[in-house]
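Down below is the structure, laid out as structure tokens.
Protein chains: 2
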Amino acid sequence: MVKPRSRTKVALSRSRGDYLKALYVLAETEPDVAPSRLAARLAVSAPSVTNMLRRLAAEGLVARSRGAGARLTAAGRHEALILVRRHRILEAFLVRVLGLDWSDVHEDAEVLEHHVSDRVLDALDRLMAHPSEDPHGHPIPDRRGRLARRALRPLASLPRGARATVREIRDRDRRRMAAWKQSGLVPGARVRMCDVRALDDVYEVDVEGRRLVTGSEGLDGVLVEPRREGAHER
Amino acid sequence: MVKPRSRTKVALSRSRGDYLKALYVLAETEPDVAPSRLAARLAVSAPSVTNMLRRLAAEGLVARSRGAGARLTAAGRHEALILVRRHRILEAFLVRVLGLDWSDVHEDAEVLEHHVSDRVLDALDRLMAHPSEDPHGHPIPDRRGRLARRALRPLASLPRGARATVREIRDRDRRRMAAWKQSGLVPGARVRMCDVRALDDVYEVDVEGRRLVTGSEGLDGVLVEPRREGAHER
DNA sequence: CTCGCGAATTAGCTGTAGCTAATCACCGTT
DNA sequence: AACGGTGATTAGCTACAGCTAATTCGCGAG
Numbered sequence: 140m141v142k143p144r145s146r147t148k149v150a151l152s153r154s155r156g157d158y159l160k161a162l163y164v165l166a167e168t169e170p171d172v173a174p175s176r177l178a179a180r181l182a183v184s185a186p187s188v189t190n191m192l193r194r195l196a197a198e199g200l201v202a203r204s205r206g207a208g209a210r211l212t213a214a215g216r217h218e219a220l221i222l223v224r225r226h227r228i229l230e231a232f233l234v235r236v237l238g239l240d241w242s243d244v245h246e247d248a249e250v251l252e253h254h255v256s257d258r259v260l261d262a263l264d265r266l267m268a269h270p271s272e273d274p275h276g277h278p279i280p281d282r283r284g285r286l287a288r289r290a291l292r293p294l295a296s297l298p299r300g301a302r303a304t305v306r307e308i309r310d311r312d313r314r315r316m317a318a319w320k321q322s323g324l325v326p327g328a329r330v331r332m333c334d335v336r337a338l339d340d341v342y343e344v345d346v347e348g349r350r351l352v353t354g355s356e357g358l359d360g361v362l363v364e365p366r367r368e369g370a371h372e373r
Numbered sequence: 140m141v142k143p144r145s146r147t148k149v150a151l152s153r154s155r156g157d158y159l160k161a162l163y164v165l166a167e168t169e170p171d172v173a174p175s176r177l178a179a180r181l182a183v184s185a186p187s188v189t190n191m192l193r194r195l196a197a198e199g200l201v202a203r204s205r206g207a208g209a210r211l212t213a214a215g216r217h218e219a220l221i222l223v224r225r226h227r228i229l230e231a232f233l234v235r236v237l238g239l240d241w242s243d244v245h246e247d248a249e250v251l252e253h254h255v256s257d258r259v260l261d262a263l264d265r266l267m268a269h270p271s272e273d274p275h276g277h278p279i280p281d282r283r284g285r286l287a288r289r290a291l292r293p294l295a296s297l298p299r300g301a302r303a304t305v306r307e308i309r310d311r312d313r314r315r316m317a318a319w320k321q322s323g324l325v326p327g328a329r330v331r332m333c334d335v336r337a338l339d340d341v342y343e344v345d346v347e348g349r350r351l352v353t354g355s356e357g358l359d360g361v362l363v364e365p366r367r368e369g370a371h372e373r
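Protein chains in written order, with the numbering used here: chain A, 140 to 373; chain B, 140 to 373.
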């Protein structure tokens, strides 16, 4: 097909981008990403990972030190963030403009992020007046790939009685996402941790007035920003 | 990568779709499309065309009779029309919603038509209240691939003094398209053929009150619908 | 210090879709 | 009827990105 130029600004292939994004995401929990983790996340075989990492390393996008997995270089991280930006702008568009379901737009954005031109992306961004967050509450990196960093904590980590506001929903499974949406756990929702029984792994959370009782697994991926006591009660 | 299943509804690859669309368009001037014409239009080599036609024939999308070029089967024509529908809906979106330039959206639509899901396409269509034409005046096939056929004629074929309304702008070159836009030759524009000097290949056309003098080449691709004399003067 | 296990890598294939170079086929002249 | 030229096809390669099977590496246990 067409020749994908070397160093120049010619947009990576679908696969390359997916690897970079996965490296970016997985690096959050562990900076050195093992090939096996990449293979699992991308649903490809281990040899495929080895191969692709070799290519990406040759292009200066990832660094590999023997025995210590792979990590993004500055250039690689930049590429990843550009893709994250595209993804989130697209998700915002799909939900806010096209009215598609919040919990269901990931796949479409995943495909389109690799194919939409900068011109179209900018137009989408403009149409929405440059949103700062996607529909799941994730901040959108700016045009240069800079990301506002926020101090959020898992909902399950709130002490009994604490109030907070849901800020981000992190998950790749639309079924769980749909369930959260159902129970009101959406960005902006105000919550209060009513009861924590860590031994039984049971959490009782007040979500905008409705009572949610669930195990910690059912809260995994919901990030909140604690609210001061005495702030305006809803 | 992923396995592109056989007969089932799994959307053709980028290349396959491009061949089908080219066959569809080229068949308008000559039903049997010679491989060389395909090669020229798609900017690929002759052997590549032979190869791809073999594959498409094996899938029942094109028919090849020795010595007589290729033509779409009913199935192939349907696929082509579905792509045409996607393309035109996308162009309409890019212009009407995103405000991109009329003469400049072809390339983006060309890429996106292969990657947008039906769900998103339908949402775009809905957002625009199911447009019947794209920004160049081309009718949009319906969901089943049926296309309203219209009787239009080339602007250059109008006799001296005839009045008409521009309906379609057919061209793949954005420079020419931009030039037409500049001179007012856009779908809906009312024109009158003031003078034809066929020998010198000079045409003088009144476009919404402005005088345009050009050779026939400068009008090629502008299709009009003649207006009755005595219809309401502008 | 060696063994074995699991993770990583190498070897070698598959499929898509492009390419060039070489060959073949048909058609109109002479 | 033979010849040449245009255009189509075959042969054989390249690149990407995946795969399985086989091999190697590194590290902890004995």
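Where is the CB? At the ideal position from N, CA and C, for every residue including glycine.
In this structure R153(B) is not in contact with H245(B), their Cβ atoms being roughly 15 angstroms apart against a cut-off of 8 angstroms.
With contacts defined by Cβ atoms closer than 8 angstroms, L324(A) and Y342(A) do not form a contacting pair.
In the displayed model, I221(B) falls within a helix according to three-state DSSP. For V363(B), the enclosing beta strand (DSSP E) begins and ends at V361 to R366. Measuring C-alpha to C-alpha distances from A337(B) to each of T353(B), N190(B) and I308(B) identifies T353(B) as the nearest.
Nearest to A303(B) by alpha-carbon distance, out of P326(B), P274(B) and E198(B), is P326(B). E343(A) is bridged by DSSP to D334(A) and V352(A). Close to chain A, meaning a Cβ-Cβ distance shorter than 9 angstroms, are the following residues of the region 255-272 of chain B: V255, S256, R258, V259, A262, L263, R265 and L266. For A196(A), the uninterrupted alpha helix (DSSP H) run begins and ends at A185 to A197, by DSSP. Sequence-distant partners of D340(B) (beyond 5 residues in either direction) whose C-beta falls short of 7 angstroms from its own C-beta, in its chain, are G354 and S355. By the Cβ rule, the region 214-230 of chain A counts as touching the region 260-269 of chain A, because three or more pairs are nearer than 8 angstroms. Using beta-carbon distances, L233(B) counts as an interface residue toward chain A, with a partner under 8 angstroms.
DSSP places L266(A) in the uninterrupted alpha helix (DSSP H) bounded by D257 to L266. Contact between P278(A) and A268(A) fails: their C-beta atoms lie close to 16 angstroms from each other, not under 8 angstroms.
By the neighbour-count criterion, in which 16 or more other beta carbons inside 10 Å mark a residue as buried, P280(B) falls on the buried side.
Proximity of G238(B) to chain A, defined by a Cβ-Cβ separation below 8 angstroms, is satisfied.
When only Cα atoms are considered, L239(B) and A150(A) end up about 22 angstroms apart. Scanning its chain for C-beta atoms nearer than 6 angstroms, with the 5 sequence neighbours on each side dropped, one finds around R309(B) the residues G360, in chain order. Here P278(A) is bridged, per DSSP, to E272(A). Per DSSP, V236(B) lies in no alpha helix (DSSP H) and is assigned neither H nor E. Any Cβ of chain B closer than 8 angstroms to the Cβ of D247(A) would place that residue at the interface, and such an atom is present. Just so you know, the alpha carbons of L165(A) and V259(B) end up roughly 29 angstroms apart. Residues of chain B with a Cβ closer than 7 angstroms to the Cβ of V346(A) do not exist, since the nearest Cβ in that chain sits about 29 angstroms away. Of the other Cβ atoms in all chains shown, 16 or more fall within 10 Å of the Cβ of S242(A); this residue is therefore buried. Each of P170(A), A207(A), D157(A) and A202(A) was checked against the Cα of S187(A), and the nearest Cα belongs to D157(A). By the beta-carbon neighbour count (other beta carbons within 10 angstroms, threshold 16), D247(A) is buried. Within chain A, the C-beta atoms nearer than 7 angstroms to that of V250(B) come from H254, in chain order. Distance from the CA of D171(B) to the CA of A207(B), rounded to the nearest whole angstrom, comes to 6 angstroms.
In the displayed model, P293(A) falls within a strand according to three-state DSSP. Contact between L297(A) and V363(A) is confirmed by a C-beta separation of about 7 angstroms, below the 8 angstroms threshold.
Pairing A179(B) with G199(B) gives a Cβ-Cβ distance that is not under 8 angstroms. In the DSSP assignment, E249(A) falls within the alpha helix (DSSP H) that extends over H245 to L251. Using a 10 angstroms sphere on the CB of R224(B), the tally of other CB atoms reaches 16 or more, which defines it as buried. In this structure G276(A) is buried. Its beta-carbon is surrounded by 16 or more other beta-carbon atoms within 10 angstroms. About 7 angstroms separates the beta carbon of A209(A) from that of A202(A), a gap short enough to meet the 8 angstroms contact definition.
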